[in-house]
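The opening position of the sequence shown corresponds to residue 1 in UniProt numbering, with each subsequent residue numbered one higher.
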Amino acid sequence: MIFALVDQSLKLYVSQLSPSQTEEYLMDSSDYFVAFLFSMFVAHFGGRGNRANWVAAGCFLTGIAAIVFAVPFLNFEIMKLNVVKEELCEEGKIPKACEPTVMPHKSICIFIFIFGQCIHGIAGLPLYILATSFIFDHVPTNSSGLYIALVDAALGVGYCLGFIGGMLNFKMSVQEAMQAVGHRQRIRILQRGWWRNFIIVAVFAFCTTLPLLGFPPSLPGARQIRLAKSQESPTFDRRLKNKEIKNNLKSVLHATWCLIRNPLVLSQVVCKFTEFATFKSSAVFLPQYLQTRFLIRPSSASMLTGVFILPGNIFGHFLGGFIVHRMQMNNKNKLKFLVVVSFVSIVLFLLTFFVECEISKFAGINDDYDRLGIIGNLTAPCNAPCGCTTSEYNPVCGRDETQYFSPCFAGCRATKKLRKEKTYYNCSCIKEGLTTADNEGQYIDAVSGTCNTRCLTLPLFFAFYFTATIFSSFCSIPSTLIVIQSVPTSWNSMSLGLMSTVWRFTGSVPAPIFFAATSDFTCQFWDINECGEKVHCWIYNTENLVYTFKTIWINMQILSGLSCLYGVYRHDYVVKGNGEKAEEK
1 MIFALVDQSL KLYVSQLSPS QTEEYLMDSS DYFVAFLFSM FVAHFGGRGN
51 RANWVAAGCF LTGIAAIVFA VPFLNFEIMK LNVVKEELCE EGKIPKACEP
101 TVMPHKSICI FIFIFGQCIH GIAGLPLYIL ATSFIFDHVP TNSSGLYIAL
151 VDAALGVGYC LGFIGGMLNF KMSVQEAMQA VGHRQRIRIL QRGWWRNFII
201 VAVFAFCTTL PLLGFPPSLP GARQIRLAKS QESPTFDRRL KNKEIKNNLK
251 SVLHATWCLI RNPLVLSQVV CKFTEFATFK SSAVFLPQYL QTRFLIRPSS
301 ASMLTGVFIL PGNIFGHFLG GFIVHRMQMN NKNKLKFLVV VSFVSIVLFL
351 LTFFVECEIS KFAGINDDYD RLGIIGNLTA PCNAPCGCTT SEYNPVCGRD
401 ETQYFSPCFA GCRATKKLRK EKTYYNCSCI KEGLTTADNE GQYIDAVSGT
451 CNTRCLTLPL FFAFYFTATI FSSFCSIPST LIVIQSVPTS WNSMSLGLMS
501 TVWRFTGSVP APIFFAATSD FTCQFWDINE CGEKVHCWIY NTENLVYTFK
551 TIWINMQILS GLSCLYGVYR HDYVVKGNGE KAEEK
């Protein structure tokens with residue numbers, strides 16, 4: 001839940017506080033970077049101690065982090081109360097001058113957010129590393145996939161709940177806040193949904209801390225399970241047999257080197273990276289693709305992305321674990337399974353690009369205002385005197401079946417609200433099309449929203465994409481099990497720590513920079529403010545977007561499949577131990 005709430009609140013901070021690129025990068029990636037720094041530390045020392053108590057400490061820190069995230073919403077003004085006036089065509093409008101924006105408490109709010117992210121990054125490590133190894137050690141090997149899949153599904157459900165809570169916070173009633181007495185009280189009403197959600201997370205986290213502190217290092221029955229596992233056929237790297245990790249830096253570094261040299265562990269670390277990159281590419285590019293290919297509004301595109309990729313990931317993670325459990329797969333068969341699902345997901349993903357709709361005309365983007373304007377420029381002779389800006393994307397559909405960026409760019413001078421939709425009148429850029437009169441006899445030129453493309457194939461697109469997401473997520477639980485089963489029992493936490501270290505490093509350093517650069521490459525039309533700075537991308541270049549999205553998604557799945565093929569090829573050599581032995585340290 002806290003992951004989703006942080007992701008949603010970060011969007012709010014960016015839109016309201018206008019942080020610099022460096023500040024935004026630190027706000028987004030500081031939790032991953034701190035987790036990268038501490039993963040091996042938690043894995044080593046936590047794996048040697050009472051893991052349940054370490055998980056309890058993680059829950060407690062999660063509660064502290066949630067309180068830290070709630071503080072800015074309780075004490076500072078983050079959300080603006082002023083109601084944005086809809087921009088219509090007004091001749092002689094004076095453009096806004098470039099003035100430095102002074103935002104009180106901006107620095108302290110950003111600092112608190114980054115501080116909360118650092119605590120949050122450390123808090124998650126015991127949950128992802130030690131809790132997983134603790135569960136694996138206390139259930140039969142054949143059932144471990146189901147148990148870990150249930151835990152992972154719970155993480156996904158929590159993210160969905162946080163995502164829904166965050167989306168609802170964006171729809172807080174401004175009218176209710178305006179009726180309150182006093183500026184501070186108004187801000188409290190406007191921001192109360194955010195701090196309440198974080199406090200709820202903190203309460204849940206603290207409530208789980210106390211029971212976990214009562215857990216012993218080993219649960220009743222653990223000895224019998226360990227005895228049964230010791231009699232199973234060995235699945236780990238025989239070079240690590242009878243090797244222990246001593247409590248010193250040299251031994252930890254040597255253990256890390258041994259894990260990196262283990263082809264089975266290394267292949268699944270790559271799989272975890274590709275899974276993260278695939279999910280991230282969907283989160284970044286799918287909303288852009290929906291906006292560009294199907295002309296869906298940005299807010300609706302973001303919502304649809306969350307609705308499809310989050311449940312797809314949950315089902316994929318759970319089904320991956322369930323199938324492995326049901327079919328009683330050994331490590332080699334798990335690797336073969338992952339190879340197959342990787343290539344099936346590529347086929348399903350490619351099918352989505354054959355689903356196309358007739359795109360309506362968009363003035364200034366793919367239409368030149370009936371030869372009176374230029375493609376790539378929203379301004380034309382019909383709206384030049386209006387003084388339109390691109391600060392708000394508020395599309396309207398004209399009676400000429402052409403979509404316009406805003407009522408102002410359509411040249412509309414008047415508006416009314418009829419039933420549930422807004423209508424616009426006296427639009428100088430709209431000359432053709434059937435005219436319809438409203439109740440008062442005035443002729444409607446345009447209505448709010450995008451033009452209906454009558455796209456009957458859009459459900460087919462989501463069906464293909466949802467299925468591709470499920471197949472691309474199958475690797476999560478089998479990869480975790482392979483990493484655990486490819487090392488001796490005493491090395492379980494360390495192997496998960498290595499996987500977490502690589503995952504967090506890629507998520508904190510190269511991934512944000514790479515996705516930011518590719519998003520800039522795909523942008524066709526920027527919102528440029530009065531100071532000439534790029535603020536937000538409204539329209540994307542279809543060819544660049546499709547090429548970038550395809551390349552990243554497919555290459556990640558190919559890399560996942562090839563790494564698992566390498567694991568299949570090296571499996572017998574590693575497990576039978578007829579190769580070079582690890583050095584004794």
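All C-beta atoms in this analysis are idealised placements derived from N, C-alpha and C, irrespective of residue type, glycine included.
Rounded straight-line distance, which links the Cα of residue j to that of residue i
i: Ala-446; j: Tyr-425; result: 7 Å
i: Gln-21; j: Gly-193; result: 27 Å
i: Lys-581; j: Arg-239; result: Bear in mind that the predicted position of Lys-581 carries a pLDDT of just 41, short of 50, making it unreliable; the figure below should be weighed with that in mind. Roughly 5 Å separates the two Cα atoms.
i: Glu-24; j: Val-14; result: 7 Å
i: Leu-74; j: Phe-349; result: 44 Å
i: Ser-18; j: Ser-29; result: 17 Å
i: Phe-515; j: Cys-564; result: 25 Å
i: Ile-2; j: Tyr-159; result: 7 Å
i: Ala-410; j: Cys-427; result: 6 Å
i: residue 594; j: Phe-198; result: No answer is possible for residue 594: the residues shown for the chain start at 1 and end at 585.
i: Lys-243; j: Ser-267; result: 22 Å
i: Met-327; j: Asn-333; result: 10 Å
i: Tyr-443; j: Ala-437; result: 4 Å
i: Asp-572; j: Pro-512; result: 38 Å
i: Lys-550; j: Phe-163; result: 26 Å
i: Ile-346; j: Val-546; result: 15 Å
i: Glu-583; j: Trp-257; result: Residue placement at Glu-583 is flagged as unreliable, the pLDDT there being 39, under the threshold of 50; the coordinate-derived value follows with that caveat. Spanning the two alpha carbons is a distance of roughly 11 Å.
i: Ile-187; j: His-105; result: 14 Å
i: Leu-304; j: Thr-402; result: 24 Å
i: Val-71; j: Ala-4; result: 17 Å
i: Phe-134; j: Phe-464; result: 37 Å
i: Lys-11; j: Leu-249; result: 40 Å
Residue i - DSSP class collapsed to helix/strand/coil
i: Lys-96; result: coil
i: Leu-418; result: strand
i: Ile-323; result: helix
i: Asp-370; result: coil
i: Ala-437; result: strand
i: Thr-423; result: strand
i: Ile-187; result: helix
i: Glu-583; result: In this predicted model, Glu-583 has a pLDDT of only 39, less than 50, meaning its place in the structure is not dependable; the value taken from the coordinates is given anyway. If DSSP states are grouped into helix, strand and coil, Glu-583 belongs with coil.
i: Phe-236; result: coil
i: Gly-162; result: helix
i: Glu-543; result: helix
i: Pro-298; result: helix
i: Glu-24; result: helix
i: Lys-243; result: coil
i: Ala-380; result: coil
i: Val-203; result: helix
i: Tyr-393; result: coil
i: Phe-215; result: coil
i: Pro-220; result: coil
Other residues of its chain near residue i: CB distance less than 7 Å, five sequence neighbours each side excluded
i: Trp-503; result: Lys-272, Phe-273 and Phe-276
i: residue 587; result: The displayed coordinates of the chain run from 1 to 585. Any statement about residue 587 would go beyond what the structure contains.
i: Leu-146; result: Gly-321, Phe-322 and His-325
i: Ser-144; result: Phe-136 and Leu-481
i: Cys-301; result: This sequence places Ala at residue 301; Cys is not what is there. Contacts found: Pro-287, Leu-290 and Gln-291.
i: Pro-234; result: Val-575
DSSP bridge partner residues for residue i (one or two, in chain order)
i: His-536; result: Asp-527
i: Gly-398; result: Ala-446
i: Lys-361; result: Thr-402
Cut-off 6 Å between Cβ atoms - residues of its own chain near residue i, not counting five sequence neighbours on either side
i: Leu-26; result: Ile-114
i: Asn-394; result: Ser-406
i: Ala-202; result: Gly-63, Ala-66 and Ile-67
i: Val-341; result: Phe-471 and Phe-474
i: Asp-31; result: Gln-117, His-120 and Gly-121
i: Val-6; result: none
Own chain, CB closer than 8 Å to residue i, minus 5 neighbours either side, in chain order
i: Arg-297; result: Gln-291, Tyr-393, Pro-395, Gly-449 and Thr-450
i: Thr-489; result: Asp-137, Arg-226 and Lys-229
i: Thr-457; result: Val-355, Glu-356 and Cys-357
i: Val-339; result: Gly-561, Cys-564, Leu-565 and Val-568
Heavy atom of the ligand NAD within 8 Å of residue i beta-carbon
i: Gly-433; result: For the ligand NAD, the structure offers nothing, since it holds no ligand at all.
### Three CB pairs or more closer than 8 Å across the region 396-406 and the region 429-444
Flag = yes, the region 396-406 and the region 429-444 touch.
### Message
I'd like to know if the region 150-160 and the region 313-323 are in contact, where contact means that at least 3 CB-CB pairs between them fall below 8 Å.
### Response
The region 150-160, when compared against the region 313-323, does touch it at the 8 Å Cβ threshold.
### Task
Kindly confirm or deny that the region 123-131 and the region 407-416 touch, where touching means at least three C-beta pairs closer than 8 Å.
Judged by Cβ distances under 8 Å, the region 123-131 makes no contact with the region 407-416, as fewer than three pairs qualify.
### Message
Under 8 Å, with one C-beta from each stretch per pair, do the region 536-556 and the region 41-52 reach the 3-pair mark?
### Response
Short answer: they don't touch.
### Message
Could you check whether the region 373-381 touches the region 508-515, counting it as contact only if at least three pairs of C-beta atoms, one from each stretch, sit closer than 8 Å?
### Response
Output reads no: the region 508-515 does not touch the region 373-381.
### Query
Do three or more CB pairs link the region 550-564 to the region 254-261 at distances below 8 Å?
Contact between the region 550-564 and the region 254-261 is not established, with fewer than three Cβ pairs separated by less than 8 Å.
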